[in-house]
Amino acid sequence: MVSGLINENPVIYERKQRQQRSTQSLPADEYTVEPIDQQEIFDILFFFFLNSIFLDIKDPEHPYSLEELKVITEEAVEVDDQKSYVRVTFTPTVEHCSMATIIGLCLRVKLLRSLPPRYKVDIRVAPGSHATEAAVNKQLNDKERVAAALENPNLVDMVDECLAPSFD
Amino acid sequence: MAETTQLTRHIESYVDSSSTPSHQVASLDAIVLLIKTNALTLEALVRELDMYLTSTDTLIRSRGILLLAEVLTRINSISLDSKTIHSLVGFFKERMADWKAVRGALVGCLALIRRKSVVGMVTGSDAKSITQSFLQHLQVQSLGLYDRKLCFELLDYLLEHHVDSIASLEEDLIFGICEAIDAEKDPECLMLAFHIVESLARLYPDPSGLLASFARDVFDLLEPYFPIHFTHQTSGDTHVQRDDLSRTLMSAFASTPVFEPFVIPLLLQKLSSSLHSAKIDSLQYLRVCSSKYGAERIAKYTGAIWSSLKDTLYTYLGEPDFSFTLAPTDGINFPKSEVVVEALSLLQQLIVQNSSQLVSLIIDDEDVNFITNSIASYEMYDTISVQEKKKLHAIGRILYISAKTSIPSCNAVFQSLFLRMMDKLGFSASNIDGLQNGGILASQSVNFGFLYLCIELLSGCRELVILSDEKRETYCTILHSSSAVLFNAFGSVLAVTADRCPSHPDIYIGVKGLQILAMFHLDVFPIPKSTFENILKKFMSIIIEDFGQTVLWNATLKALFHIGSFVQKFSESEKAMSYRSFVVDKIMEMLSLDDIALPFSLKVEALYDIGMTGMKNMLTILQAMEGAIFTNLSEVHSNLTSHETAVQLLECYSCKLLPWILKNGGAEEFVVQFAVDIWNQAGNCMDFNSPFEDKGLLDAMMKAMKVSVGCCSVESQNVTIQKAYSTLSSHTKFQLNDVGRLPLTSGKYDISPRDEGILLLFASVIIALRPKTHIPNIRGLLHLFIITLLKGVVPVAQALGSMLNKLTSKSNGAEKSDELTLEEALDIIFNTKIWFSSNNMLQIYNGSSNGSDIVLTDLCLGITNDRLLQSNAICGLSWIGKGLLLRGHEKIKDITMIFTECLISDRRKTSVPLVEGSLENTEKQKCDPLARKCATEAFHVLMSDAEDCLNRKFHATVRPLYKQRFFSSMMPIFLQLISRSDSLLSRSLLLRAFAHVMSDTPLIVILNEAKKLIPVLLDCLFMLTEDIQDKDILYGLLLVLSGMLTEKNGQEAVIENAHIIINGLIKLVDYPHKTLVRETAIQCLVALSELPHVRIYPLRTQVLQAIFKCLDDTKRSVRNEAVKCRQAWASIASSRSLRF
């Protein structure tokens, strides 16, 4: 692992006011279907934002969550429930962020565990936000390589560590 | 001698470092006890300790000294002479130099100086010598945490209680304290350290004296701590909270004016930092420091503080909340922000302290001038740019604060800014008088910005007015002369025309403005009466005409309510008169007029809101309402709309007005009168067509009746029941006086709808009676009720249950002989023969008793073959049973036995002969589950909390823990019956009945029996999934199961039955008819994943497969739970084996 912070001085964005979904559905719509939508996917991935101690941002010097760092936004989630397709675009804070692949892997694993199996998941780095964009994209969406990565005990442990405290 | 050896042993045991802490404490206690009981003198102890205190072995020496110190700590209530104290002080003071034994020395010194004067106190010179020794020998920061804390405690105590003696130490003391505090990091020590600095400042208060020359050095030590920020989460071991520490530091900062040159710049600098807590702290510190340092010292910073305050407000003030939901009566509502609150209170503090300087700053401020100069251009809220909106909001708040803080500032702001704005808009002070009468502004375009600032100013000075006694101030004069202009301006915002409907903020501004104008106190600041009346007229015209604009209409109604309550609260008679004539009377007039277009539901709403302003208004309105209700009731049969109107009015009466009256007390005679009048009306209705043909109206009348009777006293209830009874006996065909003598004949009464209506109304009176109220002809009524309940009139059954619930029992001793006791009533109910004429009943049971009469309980068992009659009887009996159950009467056992008989009746039937005992009939009976289902419902009636009757509101006698008792008596019976039942049908009925019982029993009782209940409970769950109509009881039962899973008591039983529970839950996770069932089932599975792995691991695959499907559930909430559940179960084993 890299010692010290990769990005010493991150840009902080204001946390967006999240719209509360009207949670209580009436008994009349007991049988209406609520399709999986952008906000739901974002909520699933929300673990990143609740959990500011992520990977090497463990130093309290950086008490910011990934939402404040704008790594993922709600707009960056595209979802089509009919076609069972989801695409998440994330933006690493700096161009050379070596964390890009591990963040991407976490996103993918989280979605695989949380969505029904009919879904195809596509994880991408935002265009122009990373030095080796093409390589990262290819790596993240290569089934074989993802499977291989998850065979690696160290990687799995790290991913699990990121995902574990997401239920509070 | 024996004692001495004992003492030595104790000492040895304490000093010995190898003995356990509990041993040490025990021996310490023993020594203390010896001293306290005078078995040992302190001198003797010291002599005994001699070699320990002076030993060259550091370990023994330090323990020895500590022992002496601890003993001293514990005998602080035993008096010692001054000589002893002096020599002890000498000893401990000397020991401070011995760094290996320093703990003992510190504890000893602390114990000594903390002694109270009555038991011998340390003298001033001794205190000074301790301080000197402390300063000379101790290097505080090189000590351990606990020792440091002791040091700070010692210093703190010396500074608090021996000020005079140690003041002469001067420089040495300041240096010593600085040295001690320097770079301290522990929160608890810091609390003390900050306090020490505060005390130090008190010790040398002279602003040009000793401390002033060291202020820089002292403050350098404090500075790094600001703002207080905990890098680690506060865990259990420190009890100091951030806020406490911050407050202590604040008092240290504010302790002396000599810190001023350092503190204020630091705070200003930190105010501009991006850290949120730093901002809040800086504002707080600034406020406290400026009040402590005084106006003179702060004056030179005011400009700087003002500009950063302004910036803070620009950044942190959110969008104003233009809604009337909360309706605060002061100023405009902003989202709560701590920074803004602190900033505004700092501003207020500054204005209080130095009014003239601040006000001139505000008035000459370029932003304020910019806004006031360009005020003419802010016509519509939506056209103002974002940047300028922010400025407008911030300056609005600033004006609000400056208007409300002090009279001079208020005057100044009005004189300069308000008049300046008026000038800009073309009303110069000279032509104001000309504007008094004309609506010239109305013709101009509405100016939002101006009105916005006006509201802030007005509400500010309204608050000022409340507090001050000055009557004629400059601002009053200005306001007085311009009130007509303001009224016109606010009013014109609200003008609704065909081509223009006001936007949301405009409505807010208009309504709010008028409301504030109307709510000035008359005696302090007279808004002309005409203006007040104009405001009310304006509002009323909106109420009557603009009901299409929902937001405007609601806001206006709220405003009228606030004005009304204000007028009532401060008893402003003149205004109250106007209010009554312009609002209350108008509203009442509205009610009777049909020609105005205002929808009726809105009329009722307005009526209620205006009524809530005060008891007097409410009574007026109630009278009007009663009139309207009876007018409509009398027209009900000819006019369809008046029928609907009556229902709405009755609803409003029983749901809104009555509860309000009850809450505010009084007006009982009115409520009684109302109930009696309804009865009059009911009597009169008899002569015409019945108003009872429609269920809705009848329900509304019953509810109104129940609630009004329920809230009356016994005397009033007696009046009502007499009236009701006379109506019942005179206007119906029921022969109440004969009914008691003859056997009951079910066919005798063919109840007409009219009779039934009156009966139901009567039943609702009975339901609401208090236990002490006297019911006339109770025997006749009992008979009547029994017959009518057999016709399937449920409220009658409820009334019967209520009667039984409230009757006095014989054992309690009924005083009057004419009162029917409970036992007699029961005798009537269960032993009265019911006669069936053959043309009414298809089947007649020719029982063992003479002829063709049977009693109620036989009917329940289905001895006649009329199924409808049987279910009606069961339903009736269930309410009777509920009445008895609530008061804890024994008879309930017999009643429940009848129900259970019904449930298992297919087994019993074979042994009972039927009248025309053909096989055909028996078959028919076996197949007919309707009546038996009624018996399961009976258990629901028994256990659930009823809304309509038999609750606290209707004065039911409720025995504590009746549910628990019933459950424990029924559980063994049910368990036995269920295990024995051989037919599928009766088993499912039993399970259903038991499900009702379980789901309404308090969880705590269920938990005790969890082991036995779990298998049955799961059977119930499984059985209930079959019918869609059972989804609610299914959910109720599932909640019981989930309660077992989460409670500690249930855990053991759950572990044993983990397999079957999980299997049962898996079947429920895709229950299609109720989302909550699926959600709860999955939550239960999550709870189960906490069980010991050995038990649940074998089921892991099964659960995961079931949950996998739930990830694609139609409902979002279920999917969310499924994700959690999957995670929980997947991580049972090593997470690496998670499959995708």
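Protein sequences appear in the order of chains A and B. Residue numbering for the first sequence follows the UniProt record's numbering, beginning at 1 and increasing consecutively. Residue numbering for the second sequence follows the UniProt record's numbering, beginning at 1 and increasing consecutively. C-beta: ideal position from N, C-alpha, C; glycine also. Note that the coordinates shown come from a computational prediction; the quantities given were computed from them, not determined experimentally.
Handout entry: glutamate 30(A) versus Asp1032(B), Val1094(B), Ser1042(B) and Glu1121(B), residue with shortest Cα-Cα distance
Key = Residue numbering aside, residue 30(A) sits at position 30 when the first sequence is read from its first letter. Taking only the C-alpha atoms, the option nearest glutamate 30(A) is Asp1032(B).
Practice task
State the DSSP-derived secondary structure class of tyrosine 285(B), mapped to helix, strand or coil.
Solution key: Residue 285(B) sits at position 285 when you count from the first residue of the second sequence. Residue state for tyrosine 285(B) is assigned as helix, using DSSP reduced to three classes.
Practice task
Run down chain A in chain order and give the residues with a C-beta less than 8 Å from the C-beta of valine 1123(B).
Solution key: Residue numbering aside, residue 1123(B) sits at position 1123 when the second sequence is read from its first letter. Neighbours of valine 1123(B) in chain A, taken as residues whose beta carbon is under 8 Å from its own, are Ile44, Arg113 and Ser114 in chain order.
Exercise for the section: Pick helix, strand or coil for residue 1141(B), following the three-state DSSP scheme. Expected result: Only positions 1 to 1140 of chain B appear in the structure, and residue 1141(B) is not among them; the question remains open.
Practice task
Could you tell me whether any Cβ in chain B is nearer than 7 Å to the Cβ of valine 33(A)?
Solution key: To locate residue 33(A), count along the first sequence from 1; it is residue 33. Chain B, which has a Cβ nearer than 7 Å to the Cβ of valine 33(A), makes this yes.
Problem - Per-residue contacts from threonine 1114(B) into chain A (C-beta, under 7 Å) - result: If you number the second sequence from 1, residue 1114(B) lands on position 1114. Val33 and Glu34, listed in chain order.
Handout entry: Residues near phenylalanine 566(B) in its chain [Cβ-Cβ closer than 7 Å; skip 5 each side]
Key = As a working mapping, residue 566(B) is identified with position 566 in the second sequence. If the five residues before and after phenylalanine 566(B) are omitted, its C-beta is found closer than 7 Å to the C-beta atoms of Met519, all from its own chain and listed in chain order.
Handout entry: Any chain A beta carbon closer than 7 Å to leucine 1111(B)
Key = The sequence position of residue 1111(B) within the second sequence is 1111, counting from 1. Closer than 7 Å: yes.
Problem - Status (buried if at least 16 other CB within 10 Å, exposed otherwise) for lysine 706(B) - result: Start at 1 with the first residue of the second sequence, and residue 706(B) comes out as number 706. Classification for lysine 706(B): buried.
Exercise for the section: Would you mind stating whether valine 583(B) and leucine 536(B) have Cβ atoms separated by less than 7 Å? Expected result: For the purposes of this step, residue 583(B) is taken as the residue at position 583 of the second sequence. For the purposes of this step, residue 536(B) is taken as the residue at position 536 of the second sequence. A distance below 7 Å separates the beta carbons of valine 583(B) and leucine 536(B).
Handout entry: leucine 869(B) versus tryptophan 553(B): straight-line alpha-carbon distance, rounded
Key = What you label residue 869(B) is simply residue 869 of the second sequence in a count that begins at 1. What you label residue 553(B) is simply residue 553 of the second sequence in a count that begins at 1. Separation of leucine 869(B) and tryptophan 553(B) (C-alpha to C-alpha, rounded to the nearest whole angstrom) is 54 Å.
Problem - Where valine 368(B) sits in the DSSP three-state scheme - result: Taking the second sequence and counting its residues from 1, one reaches residue 368(B) at position 368. It is helical.
Exercise for the section: Return the residues of the region 113-137 of chain A that lie within a Cβ-Cβ distance of less than 8 Å from chain B, sorted by chain order. Expected result: Along the region 113-137 of chain A, the positions whose C-beta sits under 8 Å from a C-beta of chain B are Arg113, Ser114, Leu115, Pro116, Pro117 and Arg118, read in chain order.
Exercise for the section: With 7 Å as the threshold, decide whether the Cβ of alanine 946(B) is near any Cβ in chain A. Expected result: Indexing the second sequence from 1 puts residue 946(B) at position 946. At a cut-off of 7 Å between beta-carbon atoms, alanine 946(B) makes no contact with chain A.
Exercise for the section: Measure the C-alpha to C-alpha separation of valine 107(B) and alanine 343(B) and round it to an integer number of angstroms. Expected result: Within the second sequence, residue 107(B) is the residue found at index 107, counting from 1. Within the second sequence, residue 343(B) is the residue found at index 343, counting from 1. Between the C-alpha atoms of valine 107(B) and alanine 343(B) there is a straight-line separation of about 45 Å.
Handout entry: Among Val1123(B), Asp945(B), Phe954(B) and Phe974(B), nearest to tyrosine 962(B) - alpha-carbon criterion
Key = The sequence position of residue 962(B) within the second sequence is 962, counting from 1. Nearest C-alpha to tyrosine 962(B): Asp945(B).
Practice task
Under the assumption that valine 709(B) contacts cysteine 652(B) (Cβ atoms under 8 Å), give the Cβ distance between them as a whole number of angstroms.
Solution key: Within the second sequence, numbered from 1, the residue matching residue 709(B) stands at position 709. Within the second sequence, numbered from 1, the residue matching residue 652(B) stands at position 652. With 8 Å as the limit, valine 709(B) and cysteine 652(B) do not qualify as a contact, their Cβ atoms being about 18 Å apart.
Handout entry: Whether serine 416(B) touches isoleucine 363(B) by CB criterion (7 Å)
Key = Walking along the second sequence from the start, residue 416(B) turns up at place 416. Walking along the second sequence from the start, residue 363(B) turns up at place 363. It is a contact, given that the beta carbons lie within the stated cut-off.
Handout entry: N- and C-terminal bounds of the beta strand (DSSP E) containing aspartate 1019(B)
Key = Taking the first residue of the second sequence as position 1, residue 1019(B) is located at position 1019. No beta strand (DSSP E) contains aspartate 1019(B), which is instead part of the alpha helix (DSSP H) from 1010-1024.
Practice task
Out of Leu268(B), Gly611(B), His889(B) and Asp948(B), state which residue places its alpha-carbon closest to the alpha-carbon of arginine 965(B).
Solution key: Taking the second sequence and counting its residues from 1, one reaches residue 965(B) at position 965. Selected option, being the one with the closest Cα: His889(B).
Exercise for the section: Buried or exposed for glutamine 1102(B), please, with buried defined as at least 16 other CB atoms from any protein chain shown within 10 angstroms of its CB. Expected result: Looking up residue 1102(B) in the second sequence gives position 1102. Burial is judged here by how many other beta carbons sit within 10 angstroms of a residue's own beta carbon; glutamine 1102(B) has fewer than 16 and is exposed.
Handout entry: Straight-line Cα distance separating isoleucine 542(B) from alanine 559(B)
Key = Taking the second sequence and counting its residues from 1, the one referred to as residue 559(B) is at position 559. Taking the second sequence and counting its residues from 1, the one referred to as residue 542(B) is at position 542. Going from the Cα of alanine 559(B) to the Cα of isoleucine 542(B) covers about 12 Å.
Problem - Buried or exposed by the 16-neighbour rule on C-beta atoms within 10 Å, applied to histidine 643(B) - result: What you label residue 643(B) is simply residue 643 of the second sequence in a count that begins at 1. It counts as buried.
Exercise for the section: Out of Val125(A), Leu105(A) and Lys83(A), point me to the one whose CA is closest to aspartate 157(A)'s CA. Expected result: Reading the first sequence from its first residue, position 157 is the one you call residue 157(A). Across the set Val125(A), Leu105(A) and Lys83(A), the C-alpha of Leu105(A) shows the shortest separation from the C-alpha of aspartate 157(A).
Problem - Where valine 107(B) sits in the DSSP three-state scheme - result: Along the second sequence, read from residue 1 onward, the residue named residue 107(B) stands at position 107. Helix at valine 107(B).
Handout entry: Unbroken alpha helix (DSSP H) run spanning arginine 462(B), endpoints
Key = In the second sequence, residue 462(B) corresponds to position 462, counting from 1. Looking at the DSSP string, the run of the alpha helix (DSSP H) that includes arginine 462(B) is 448-467.
Practice task
Would you kindly check if the distance between the Cβ of leucine 135(B) and the Cβ of valine 122(B) is under 7 Å?
Solution key: Taking the first residue of the second sequence as 1, we reach residue 122(B) at position 122. Taking the first residue of the second sequence as 1, we reach residue 135(B) at position 135. The answer is no: Cβ separation not under 7 Å.
Practice task
Would you check if the distance between the CB atom of alanine 938(B) and the CB atom of phenylalanine 899(B) is smaller than 7 Å?
Solution key: In the second sequence, residue 938(B) corresponds to position 938, counting from 1. In the second sequence, residue 899(B) corresponds to position 899, counting from 1. It is a contact, given that the beta carbons lie within the stated cut-off.
Problem - Assigned secondary structure, glutamate 78(A) (DSSP; H/G/I helix, E/B strand, else coil) - result: Taking the first sequence and counting its residues from 1, the one referred to as residue 78(A) is at position 78. It is a strand residue.
Handout entry: Where the region 1062-1073 of chain B meets chain A: residues whose CB sits under 9 Å from a CB there
Key = Against chain A - using a Cβ distance shorter than 9 Å - the residues of the region 1062-1073 of chain B are Pro1072 and His1073.
Exercise for the section: Compare the Cα-Cα distances from tyrosine 225(B) to each of Ser213(B), Arg242(B), Ile1028(B) and Leu210(B) and report the closest residue. Expected result: Stepping through the second sequence from its first residue, residue 225(B) is reached at position 225. Of Ser213(B), Arg242(B), Ile1028(B) and Leu210(B), the residue nearest in Cα terms is Arg242(B).
Exercise for the section: Classify tyrosine 381(B) as buried or exposed, calling it buried when 16 or more other Cβ atoms lie within 10 Å of its own Cβ. Expected result: Translated into the one-based positions of the second sequence, residue 381(B) becomes position 381. Looking at its Cβ environment, which holds 16 or more other Cβ atoms inside 10 Å, tyrosine 381(B) is buried.
Exercise for the section: Select from Val676(B), Ser323(B), His480(B) and Ser483(B) the residue whose C-alpha is nearest the C-alpha of proline 505(B). Expected result: What you label residue 505(B) is simply residue 505 of the second sequence in a count that begins at 1. The shortest C-alpha separation from proline 505(B) is found at Ser323(B).
Practice task
Taking 7 Å as the cut-off, decide whether the C-beta atoms of cysteine 949(B) and glutamine 798(B) are in contact.
Solution key: Position 949 of the second sequence holds residue 949(B). Position 798 of the second sequence holds residue 798(B). When the beta-carbon positions are compared, cysteine 949(B) and glutamine 798(B) come within less than 7 Å of each other.
Exercise for the section: May I have the straight-line CA-CA distance separating valine 159(A) from arginine 113(A), to the nearest angstrom? Expected result: If you number the first sequence from 1, residue 159(A) lands on position 159. If you number the first sequence from 1, residue 113(A) lands on position 113. Approximately 12 Å between the Cα atoms of the pair.
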